[in-house]
Amino acid sequence: MVEDGRVLTTRHEVLGAINTENLRTAHRRLEGGHVIGKLVLAGFDD
Amino acid sequence: MKAIGFERHLPVDHPEAFRAFELPVPEPGPHDLRVAVEAVSVNPVDTKVRAPRHADPDHPDNRADPSPRVLGFDALGVVDAVGAEVSRFEPGDVVFYAGDIGRPGSNAEFQLVDEAIVGHAPRGVEPGDAAALPLTTLTAWETLFDRLGLSPDGADAGTAVLLINGAGGVGSMAIQLARAARLKVIATASRPESRQWCLDLGAAVVVDHFGDLSDQRAEHGIIEVPAIACFNDLDRHYTAMAELVAPQGRLASIVGNKSPLPFQELRDKSVGFFWEYMFTRPRFDTAARIRAGRARSSIRSRRWWRTAGC
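If you're matching them up, the sequences are chains A and B in order. Just so you know, we're using this note's numbering here: the first sequence kicks off at 1 and counts up by one. Just so you know, we're using this note's numbering here: the second sequence kicks off at 47 and counts up by one.
Here you go:
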């Protein structure tokens with residue numbers, strides 16, 4: 001369904017690398033409510 | 047390997063609520079894939095597992111078990127190694143999954159995951175776009191088609207379904223799955239941006255969940271709704287759900303209640319109330335596997351993944 005486009009990603013924002021500060025930001029926003037779609041982190045810091 | 051975790055359950059702004067650890071690269075068990083994680087998405091369940099158990103940070107109830115505890119459920123990555131009995135995957139495969147609440151999570155360079163709960167990642171989709179999907183897609187699918195009993199293949203075309211908090215992670219996917227099943231999607235949202243998001247994803251009608259749902263129902267010519275799903279704050283919305291649901295309809299919720307709910311209000315209409323918890327299947331299938339003393343009974347899990355179309 002994703003490959004044929006019937007379902008689109010619900011990713012709303014990419015916050016950056018998978019690190020402590022970006023995870024903290026994601027948790028803070030989810031705890032605060034009003035998040036649209038999904039928050040994504042990608043890659044690790046060198 | 048790098049991993050982000052915690053040794054104590056702490057408030058989000060505590061300096062030690064999130065810490066970087068250097069941990070050994072884990073060795074896969076017979077049915078495990080070892081995945082080099084490329085992207086993750088964060089779910090409300092992450093915050094619930096991390097949350098403090100006690101107001102005093104040093105209280106023993108706040109000790110993580112295991113320690114450090116590594117969170118992260120949704121992930122996309124590349125298979126790096128496989129256990130001896132893995133049959134569906136090989137190193138180099140790009141996979142995604144919603145993980146297992148009982149094992150170390152995806153906020154790490156390498157993660158072990160049982161192949162039974164893994165899917166091949168969709169082609170032509172950015173890693174982060176795919177990592178956004180597994181947990182909420184499974185939750186949305188199970189809510190609509192297993193709990194509310196709606197047909198995924200169009201047999202209930204035109205049936206109204208009310209999705210409370212349509213713009214959140216699960217709601218955003220539920221709108222799309224419901225639309226693909228040709229249901230009439232009524233979503234709730236309270237802000238202009240979240241309202242537009244719901245419309246863009248395929249909601250036919252968007253109402254404000256902070257307004258009076260009954261008044262808005264009249265405005266949109268909605269009489270009764272046979273299926274209602276709550277994706278946020280069940281305590282707040284339960285009364286409206288009980289009022290709006292059609293006789294012999296169904297209610298479902300992915301969030302728990304903090305206060306007792308007056309279930310007798312559903313009795314005269316013979317309405318069913320269903321919980322949805324995505325980890326029910328992995329948790330209890332795993333228990334059944336161990337009890338049976340055999341390695342594998344994952345056909346159902348696999349089919350479940352494939353059925354969900356991921």
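Glycine included, each C-beta is placed from N, C-alpha and C at the ideal position. Keep in mind it's a predicted model, so treat the numbers as computed, not measured.
Check: For ASP92 of chain B, which residues in chain D fall below 7 Å Cβ to Cβ?
Finding: No chain D appears in the structure shown, which is made up of the protein chains A and B.
Checklist line | Any C-beta of chain A under 9 Å from that of ASP59 of chain B | finding: Under the Cβ distance rule, ASP59 of chain B counts among the residues neighbouring chain A, one pair being separated by less than 9 Å.
Margin query: What are the residues in the segment 154-174 of chain B lying within 7 Å of chain A by C-beta distance?
Written below: Near chain A, meaning a CB-to-CB distance below 7 Å, the residues of the segment 154-174 of chain B are GLU155, PRO168, ARG169, GLY170, VAL171, PRO173, GLY174.
Margin query: Between SER218 of chain B and chain A, is any beta-carbon pair separated by less than 9 Å?
Written below: Closer than 9 Å to the CB of SER218 of chain B there is at least one CB belonging to chain A.
Notebook entry, point to check: Are the C-beta atoms of GLY215 of chain B and some chain A residue less than 9 Å apart?
Noted result: For GLY215 of chain B, the answer is yes, since a Cβ of chain A falls inside 9 Å of its Cβ.
Checklist line | Alpha carbon of ASP92 of chain B to alpha carbon of LYS230 of chain B, nearest angstrom | finding: Between the C-alpha atoms of ASP92 of chain B and LYS230 of chain B there is a straight-line separation of about 32 Å.
Note to self: Tell me which residue opens and which closes the beta strand (DSSP E) that ASP281 of chain B is part of.
What the structure shows: Where ASP281 of chain B is concerned, there is no enclosing beta strand (DSSP E), although the alpha helix (DSSP H) around it starts and stops at 280-290.
Next item on the list: Give a yes or no on whether 9 Å exceeds the smallest Cβ distance from THR185 of chain B to chain A.
Entry: Using a Cβ-Cβ cut-off of 9 Å, THR185 of chain B does not count as an interface residue toward chain A, since no Cβ of chain A sits closer than that to its own.
Next item on the list: Go to SER260 of chain B, then tell me how far its alpha helix (DSSP H) extends in each direction, as first and last residue.
Entry: For SER260 of chain B, the uninterrupted alpha helix (DSSP H) segment begins and ends at 259-265.
Checklist line | Identity of the residues DSSP links to GLY148 of chain B by a beta bridge | finding: Paired residues: none, contrary to the question.
Note to self: With distance defined between alpha-carbon atoms, name the residue in B:SER152, B:THR189, B:SER316, B:ALA226 nearest to ALA85 of chain B.
What the structure shows: By alpha-carbon distance to ALA85 of chain B, the top candidate from B:SER152, B:THR189, B:SER316, B:ALA226 is B:SER152.
Next item on the list: Tell me whether ARG377 of chain B is buried or exposed, calling it buried when 16 or more other Cβ atoms sit within 10 Å of its Cβ.
Entry: Since the first and last residues shown for chain B are 47 and 356, residue 377 of chain B lies out of range.
Item checked: Exposure of ASN303 of chain B, with buried meaning 16 or more beta-carbon neighbours within 10 Å -> Looking at its Cβ environment, which holds fewer than 16 other Cβ atoms inside 10 Å, ASN303 of chain B is exposed.
Notebook entry, point to check: How would you call PRO137 of chain B, buried or exposed, if buried means at least 16 neighbouring beta carbons within 10 angstroms?
Noted result: By the neighbour-count rule (16 or more Cβ atoms within 10 Å), PRO137 of chain B is not buried but exposed.
Margin query: In the DSSP assignment, the alpha helix (DSSP H) including SER270 of chain B goes from what residue to what residue?
Written below: Checking the sequence shown, residue 270 of chain B turns out to be Glu, not Ser. Careful: GLU270 of chain B lies outside any alpha helix (DSSP H) and carries neither H nor E.
Notebook entry, point to check: Taking the runs of the alpha helix (DSSP H) that are 4 residues or longer, which of them lie wholly in the segment 126-195 of chain B?
Noted result: Complete alpha helix (DSSP H) runs here, min 4: 173-177, 180-187.
Check: What do you get for SER260 of chain B, buried or exposed, if any count of 16 or more other CB atoms within 10 angstroms of its CB means buried?
Finding: With a threshold of 16 other beta carbon atoms within 10 Å, SER260 of chain B falls short and is exposed.
Next item on the list: Quick one: which residues of the segment 298-311 of chain B get their C-beta closer than 7 Å to a C-beta of chain A? List them in chain order.
Entry: Residues: none.
Check: Using DSSP with H/G/I as helix, E/B as strand and the rest coil, what is SER305 of chain B?
Finding: Coil.
Check: Can you find a CB in chain A that lies within less than 9 Å of the CB of SER240 of chain B?
Finding: The C-beta of SER240 of chain B comes closer than 9 Å to at least one C-beta of chain A.
Next item on the list: Kindly say whether TRP321 of chain B, judged by its beta-carbon, lies nearer than 9 Å to any beta-carbon of chain A.
Entry: No, TRP321 of chain B lies away from the interface with chain A (no Cβ there is under 9 Å from its Cβ).
Notebook entry, point to check: Hey, how far is the Cα of VAL71 of chain B from the Cα of ASP4 of chain A?
Noted result: The alpha-carbon atoms of VAL71 of chain B and ASP4 of chain A are separated by roughly 36 Å.
Notebook entry, point to check: Is DSSP giving ASP120 of chain B helix, strand or coil here?
Noted result: Correct three-state label for ASP120 of chain B: strand.
Check: ASP120 of chain B to ARG11 of chain A, Cα distance in whole Å?
Finding: Going by the C-alpha atoms only, they are around 12 Å apart.
Notebook entry, point to check: At what residues does the alpha helix (DSSP H) containing ILE221 of chain B begin and finish?
Noted result: Annotation for ILE221 of chain B: the continuous alpha helix (DSSP H) segment containing it runs 215-226.
Checklist line | For LEU15 of chain A, the three-state DSSP class (helix, strand or coil) | finding: When secondary structure is reduced to three states using DSSP, LEU15 of chain A falls in the strand class.
Check: Is the Cβ of THR205 of chain B closer than 9 Å to any Cβ of chain A?
Finding: Using beta-carbon distances, THR205 of chain B does not count as an interface residue toward chain A, since no partner is under 9 Å.
Check: Is the number of C-beta pairs between the segment 130-144 of chain B and the segment 154-168 of chain B that are closer than 8 Å three or more?
Finding: Yes, they touch.
Next item on the list: Compute the Euclidean distance between the alpha carbons of SER305 of chain B and PRO272 of chain B, then round it to the nearest angstrom.
Entry: Taking the straight line joining both Cα atoms gives about 25 Å.
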